[in-house]
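Scroll down for the structure; my scribbles are underneath it.
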Amino acid sequence: MGRKEPAVLILIGFVIGILVGTMCQRWGWTGVVDAGSLLGDLFLRGLRMVVIPLIFSSLALGIAHLGDVTRLSRLGALTVLYYIATNFIAVTIGLVLVNLLQPGVGVTLPLGEKPQTPSLTLTDLVRSAIPANPFESLAKGETLPLIFLALLTGILLLVAQKEGEPVRRLLDSVLKLTMIVVRWLIAIAPLGVFGLAVSLTAKFGLDAFKPIAKYAVVVLLGLAAHGVFALPLLAWTFGRTSPLSYLRRFAPALLTALSTSSSSATLPVTLGCAHQAGIRDEVRNFVLPLGATVNMDGTALYEAVAACFVAQVLGMNLSLSQQLIVFITANLAAIGAAGIPSAGLVTMGFVFQSVGLPLEGIAFILPIDRFLDMFRTTVNVEGDIIGCAVVQKRLQ
Ligand code: ASP
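Just so you know, we're using the numbering used here here: the sequence shown kicks off at 5 and counts up by one.
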């Protein structure tokens, strides 16, 4: 199979899925929608199935393969610096646009019910990263504790050297076997993406969109500015990479992100593409699993725009210092958001509370959260992909 084939087939699956979904919505073909969502669900479950062994083995080995602590600190520092810088750029773009275009001014929306999603505080976030019972956290699929455990195991392997050899070999084998499953999943991705596109399009209603269309446009404009200009510019200047041909090799991952709205579920595909694109083991195994969990430029931008939009609708003028708080909390909330659909909504409570916005305001943006999630997740994954190019170049 040629290298470009999976991407082209996935794109075809996606486009046909949208067309079929539109027809299903118009003519009420519920049987087709059910079949499509089953297909999509099976694909999504397959991806989720490999995420825990993949994050754990790739991240722990990514560190272990570095060979010494100095190299780990360089890779770690570069990666974290990249994550912070891109998150800051994303939130800045969001705040500038929402202030310039004022999508919430003049909009009247009834204050809804308090959302059922639990809100998060900063201390919860920090506490949740260290698992009191690692097995319980893994069984629940919690990603921050998983990252913590993987980092710890990697550092232990690096420090213990010979004593850790059996564990290192076991993880090596786990990673290799998981990557075989990943190749199979990428092979069936066109079908899975087709199914997801059918069920998403069939369920999508324009009615929910109308009152908050301007807000959606601001979020999409911000995501486009970040994804089409800012990130490619970073790839060009700091990664010395031609962004278009580089990103083309990651098209399967970007399309999977668009159709699953989950950075974690996309991770297997992203890792597979990075392998094909020639990103070195140590870099991709460190930057991608960590990024899928903590580096979310799209989510950070989205949270900042959402908070300012709700404030505008409620006629609460956020001062400059309050916007600075939004800037900081949106960045933290994006780190805390898990790489799953609508996770950003949960951590948004943290941003709202920090500037005294009522949590009920989240109800304004609920109707189109899932739609916008597709695009912010794609930007989240793109941020990790460009991160590989930048970190690889700078580490040389
Ligand atoms: N769905 C996003 C992701 O997986 C997180 C979010 O913003 O809800 O990257």
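Glycine is no exception: its CB is placed at the ideal position from the N, C-alpha and C atoms.
Does the distance from the CB of residue i to the CB of residue j come in under 8 Å?
i, j, result
"L63", "I151", "yes"
"V111", "V222", "no"
"F198", "L43", "yes"
"L275", "V186", "yes"
"V298", "I339", "yes"
"G200", "G348", "It is worth fixing the name first, because residue 200 is Leu in this sequence and not Gly. Taking 8 Å as the Cβ cut-off, L200 and G348 do not qualify as a contacting pair."
"A239", "I93", "no"
"I67", "L142", "no"
"E386", "L258", "yes"
"C392", "I283", "yes"
"P362", "Y219", "no"
"L113", "F375", "no"
"T182", "P57", "yes"
"S267", "A296", "yes"
"L224", "F379", "yes"
"G98", "L305", "yes"
"A269", "I14", "no"
"P332", "M352", "In the sequence as presented, Pro is not what sits at residue 332; that position holds Ile. No, they are not a contact pair."
"A11", "P256", "yes"
"G226", "L104", "no"
"P138", "L160", "no"
"V330", "L324", "no"
Going by Cα to Cα distance, which pick from the options is closest to residue i?
i, options, result
"M27", "G302, Q326, L204", "L204"
"D176", "D45, D285, L15", "D285"
"L271", "Y219, G32, V36, T382", "T382"
"I16", "A89, P170, I329, L195", "L195"
"V394", "L79, L58, T96", "L79"
"R424", "L181, I283, G158", "As displayed, the chain neither begins before 5 nor continues past 400, which places residue 424 out of reach and without an answer."
"V54", "L322, M352, V273, A154", "V273"
"F354", "P371, L336, A367", "L336"
"V130", "P149, I192, L161", "P149"
"G145", "K166, N91, I190, R52", "R52"
"L162", "L237, A193, H69", "H69"
"A311", "V287, F356, F290, Q280", "F356"
"I1", "V37, V73, Q280", "Here the chain has residues from 5 to 400 only, and residue 1 is not among them."
"V95", "F290, R398, E167, G231", "G231"
"N384", "I366, A342, Q326", "A342"
"T90", "F242, D377, I366", "F242"
"D373", "S325, F208, R398", "F208"
"L292", "L160, L23, S246, I59", "I59"
"R398", "D38, G40, R75", "R75"
"W188", "M300, G168, G50, F313", "G50"
On the criterion of 16 or more Cβ atoms from any shown chain inside 10 Å, does residue i qualify as buried, or is it exposed?
i, result
"G25", "buried"
"Q396", "buried"
"G360", "exposed"
"Q400", "exposed"
"V350", "buried"
"F233", "exposed"
"T127", "exposed"
"I134", "exposed"
"S61", "buried"
"S358", "buried"
"V278", "In the sequence under discussion, the amino acid at residue 278 is Ala, which differs from the Val named in the question. Its Cβ being crowded by 16 or more others within 10 Å, A278 is buried."
"D388", "buried"
"I88", "exposed"
"E307", "buried"
"T83", "buried"
"G302", "buried"
"M5", "Model confidence at M5 stands at a pLDDT of 40, short of 50, so the residue's coordinates are unreliable; what they give is reported in the following sentence. Exposed is the call here."
"Q316", "buried"
"R7", "Below a pLDDT of 50, predicted positions are generally treated as unreliable, and R7, at 49, falls in that range; the measurement from the model is reported next regardless. That one is exposed."
"P170", "exposed"
"R288", "buried"
"D72", "exposed"
"L174", "exposed"
"V109", "exposed"
"F18", "buried"
"L23", "exposed"
"L48", "buried"
"T34", "exposed"
"L85", "exposed"
"L294", "buried"
"L328", "exposed"
Subject >> Every unbroken alpha helix (DSSP H) inside the segment 166-241 [4 residues or more] >> reply: Taking only runs of at least 4 residues, the alpha helix (DSSP H) segments lying wholly in the segment 166-241 are 169-207, 217-228, 235-241.
Original post:
Do three or more CB pairs link the segment 263-274 to the segment 188-204 at distances below 8 Å?
Top reply: Enough Cβ pairs lie closer than 8 Å, so yes.
**OP:** List in chain order: all unbroken alpha helix (DSSP H) runs of 4+ residues lying wholly within the segment 8-59.
**Re:** Qualifying alpha helix (DSSP H) stretches, in chain order: 9-31.
Subject >> Segments of 4+ residues assigned as alpha helix (DSSP H) that fall wholly inside the segment 311-360 >> reply: The segment 311-360 contains these whole alpha helix (DSSP H) runs: 324-340, 347-358.
Original post:
Unbroken alpha helix (DSSP H) runs of length 4 or more, entirely within the segment 240-286: which are they?
Top reply: Secondary structure remark: continuous alpha helix (DSSP H) runs of at least 4 residues inside the segment 240-286, in chain order: 247-252, 255-264, 267-280.
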